[in-house]
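Here the protein sequences line up with chains A and B, keeping their order.
For the first sequence, counting from 1, position 119 maps to 119 in the UniProt record's numbering; every step adds exactly one.
For the second sequence, counting from 1, position 220 maps to 220 in the UniProt record's numbering; every step adds exactly one.
Below you'll find the structure, written out as structure tokens, and then a few comments.
2 protein chains.
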Amino acid sequence: MRLIVARCEVRYTGRLDALLPEALRLIVIKSDGSVMVHADHGGFKPSNWMVAPTTIEESAEHIVVRKFAGKEEDRLDIRVVEVVSDVTHDMGEAAALEKDGVEAHLQELLADQPHWCGEGFRLVRREWPTDIGPVDLMCRDEEDGWIAVEIKRVGTIDAVEQLTRYLERIRLDPAMDVCRGVLAAQSIKPQARVLAEARGIACVEVDLAVLRGEREPDLTLFG
Amino acid sequence: MRLIVARCEVRYTGRLDALLPEALRLIVIKSDGSVMVHADHGGFKPSNWMVAPTTIEESAEHIVVRKFAGKEEDRLDIRVVEVVSDVTHDMGEAAALEKDGVEAHLQELLADQPHWCGEGFRLVRREWPTDIGPVDLMCRDEEDGWIAVEIKRVGTIDAVEQLTRYLERIRLDPAMDVCRGVLAAQSIKPQARVLAEARGIACVEVDLAVLRGEREPDLTLFG
DNA sequence: CTCTATATATCGAGT
DNA sequence: ACTCGATGTATAGAG
Chain A
1 MRLIVARCEV
11 RYTGRLDALL
21 PEALRLIVIK
31 SDGSVMVHAD
41 HGGFKPSNWM
51 VAPTTIEESA
61 EHIVVRKFAG
71 KEEDRLDIRV
81 VEVVSDVTHD
91 MGEAAALEKD
101 GVEAHLQELL
111 ADQPHWCGEG
121 FRLVRREWPT
131 DIGPVDLMCR
141 DEEDGWIAVE
151 IKRVGTIDAV
161 EQLTRYLERI
171 RLDPAMDVCR
181 GVLAAQSIKP
191 QARVLAEARG
201 IACVEVDLAV
211 LRGEREPDLT
221 LFG
Chain B
1 MRLIVARCEV
11 RYTGRLDALL
21 PEALRLIVIK
31 SDGSVMVHAD
41 HGGFKPSNWM
51 VAPTTIEESA
61 EHIVVRKFAG
71 KEEDRLDIRV
81 VEVVSDVTHD
91 MGEAAALEKD
101 GVEAHLQELL
111 ADQPHWCGEG
121 FRLVRREWPT
131 DIGPVDLMCR
141 DEEDGWIAVE
151 IKRVGTIDAV
161 EQLTRYLERI
171 RLDPAMDVCR
181 GVLAAQSIKP
191 QARVLAEARG
201 IACVEVDLAV
211 LRGEREPDLT
221 LFG
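Right, here's the structure in full:
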């Protein structure tokens with residue numbers, strides 16, 4: 001990994017054109033060819049960048065980073081005016097990141113405890129297939145009525161649209177023509193709730209801590 | 001801006017839990033409080049990070065970065081095992097990034113040359129308001145029929161959904177109850193095209209180079 | 001402040 | 001290769 005602190009002007013040409021006027025910035029060149037240009041403020045997103053694979057050419061005053069995405073060429077042109085620091089560090093492999101708490105986990109918890117999605121719900125299957133994609137959970141209630149459940153961390157209008165599309169498809173099957181819809185999320189945006197209710201889709205806010213705290217791993221309704 | 005190259009283990013707790021096992025990495029602390037942890041590979045996204053505003057505490061072996069987002073606390077805990085390098089650079093303000101070529105520009109070009117969206121189209125106004133958001137262009141054709149145009153760089157299913165929502169609203173007005181819809185984009189995904197055509201929405205692929213090359217800046221149909 | 005729409009989104013999984 | 005869905009999305013803009 002090479003770290004260059006330099007006064008530079010940066011031009012990107014590709015999917016759009018962008019110009020960074022001359023200023024003092026950090027240039028990071030990773031060993032896989034990824035290049036980032038960072039200002040001393042503004043979050044984790046670089047002011048300009050190019051991800052591997054790239055080809056890098058360097059001359060006295062220029063670093064040119066190129067990428068061939070399809071037929072078009074992406075190009076990052078760094079004009080280096082003044083170098084303050086230029087160091088290279090040899091790093092080994094960094095082990096991968098492990099995550100927990102994302103939607104998949106939420107789906108797992110709700111699959112084990114579908115009653116949080118609605119009174120008396122029992123799971124039929126996860127990732128119920130339709131011809132435009134899988135519904136997160138398919139359940140049945142105490143009267144054997146079908147319910148399609150869409151799970152999100154944040155329930156937005158898009159989630160309501162998505163579930164609506166699934167319901168359209170599912171209801172084409174005469175045996176499921178009155179299938180209900182439930183949107184389950186850790187939080188649901190007010191406008192999404194309005195749209196959902198206008199379409200007869202129920203909204204349920206679920207609490208991850210509650211799901212975890214009351215979890216009974218042994219309980220499997222449909223093994 | 002402070003640049004630390006160190007062997008470290010990083011733990012993030014907040015919206016999810018993540019753990020980076022011990023390895024050699026770059027830690028960047030920007031002067032606005034943003035913190036990034038980068039491995040020597042893997043694009044511009046940090047392995048872990050926290051954006052400003054933050055509070056940073058440092059002891060012999062730990063750097064703890066905290067953020068108070070609502071009631072929950074986000075926390076980045078960096079256990080530093082071995083420091084290879086630790087330098088600080090004073091940087092001034094970096095001038096802002098200027099962009100060109102995004103959707104706004106496409107909208108500008110099509111507003112000046114609405115005939116690319118359909119034969120005989122003339123512009124009525126940009127950003128036509130509805131109660132759920134603005135339509136990019138509202139046009140009329142040679143028979144004075146209304147057409148709502150949604151502009152995207154890439155036309156996806158979401159774009160079709162968005163335009164469908166707008167059309168629902170627009171058609172509530174008896175004077176516009178047969179308003180047509182056009183999706184204009186540099187490229188349109190096949191599935192989006194299928195959905196659009198199933199809903200009677202026309203699809204138009206536009207070429208940015210053509211729009212620019214044949215542009216007549218003086219021509220304003222509706223000043 | 002919330003909410004909507006955009007992004008050089010990035011990234012991964014499935015087809 | 002392409003599409004689709006998730007992201008600690010982040011970010012800008014409007015109301």
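Each residue gets a CB set at the ideal place from its N, CA and C atoms; glycine is no exception.
Classification of residue i by the beta-carbon crowding that lies within 10 angstroms, buried from 16 upward
i	result
A/E132	Just to set this straight, residue 132 of chain A is Ile in the shown sequence, not Glu. So A/I132 ends up on the exposed side.
B/R25	buried
A/H115	exposed
A/D177	exposed
B/A196	buried
B/G155	buried
B/H62	exposed
A/V37	buried
A/S47	buried
B/A18	buried
A/G223	With a pLDDT of 31 at A/G223, under the threshold of 50, the predicted position of this residue should be treated as unreliable, though the coordinate-derived value follows. It is exposed - the Cβ of A/G223 has fewer than 16 other Cβ atoms within 10 Å.
A/D136	buried
A/E93	exposed
A/V206	buried
B/T220	Confidence is the limiting factor: at B/T220 the pLDDT is only 39, short of 50, which leaves the residue's position unreliable, though a coordinate-based value still follows. So B/T220 counts as exposed.
Beta-carbon proximity of residue i to residue j, cut-off 7 Å
i	j	result
A/I29	A/R2	yes
A/Q186	A/R153	yes
B/T54	B/G33	yes
A/K67	A/D74	yes
B/F157	B/A192	According to the sequence displayed, residue 157 of chain B carries Ile and not Phe. Going by C-beta atoms, B/I157 is nearer than 7 Å to B/A192.
A/C117	A/V204	yes
B/A198	B/V149	no
A/L16	B/K189	no
B/I27	B/I56	no
A/A111	A/R126	yes
A/E84	A/V35	Going by the sequence as given, residue 84 of chain A is Val instead of Glu. For A/V84 and A/V35, no; Cβs fall outside 7 Å.
A/V182	A/A202	yes
A/D40	B/M50	no
A/A6	A/V80	yes
B/I147	B/R180	yes
A/G120	A/D144	no
B/P21	A/A95	yes
DSSP three-state assignment for residue i, whether helix, strand or coil
i	result
B/R212	helix
A/I201	coil
B/A159	helix
A/L123	strand
B/D100	strand
A/E93	coil
A/V194	helix
B/Q113	coil
B/L171	Going by the sequence as given, residue 171 of chain B is Arg instead of Leu. In the structure shown, B/R171 sits in coil (DSSP, three-state: anything other than H, G, I, E or B).
Bridge partners - residue i, DSSP secondary structure assignment
i	result
A/W128	A/V135
B/Y12	B/A18, B/L76
A/H38	A/L26
A/G181	A/A148
A/H62	A/R79
A/I4	A/I27, A/D86
B/E57	B/V64
A/V154	A/S187
A/M50	A/V35
CB contact below 7 Å: residue i versus chain B
i	result
A/G43	yes
A/R215	Any reading at A/R215 needs caution, since the residue's pLDDT is 44, under 50, leaving its predicted position unreliable; the model's value is listed next. A/R215 does not count as touching chain B.
A/A18	yes
A/M176	no
residue 227 of chain A	Residue 227 of chain A lies beyond the residue range present for chain A, which begins at 1 and ends at 223; the question has no answer from this structure.
A/E98	yes
A/L3	yes
A/P129	no
A/D95	Sequence check: residue 95 of chain A is Ala here, not Asp. Output row for A/A95: interface = yes.
A/H62	no
Test: residue i CB closer than 7 Å to a CB of chain A
i	result
B/M138	no
B/S31	yes
B/A6	no
B/V51	yes
B/P134	no
B/G92	yes
B/D40	yes
B/R212	no
Closer than 6 Å: residue i CB and nearest the ligand GTP heavy atom
i	result
B/E119	The ligand GTP is absent from the structure shown, which contains no ligand whatsoever.
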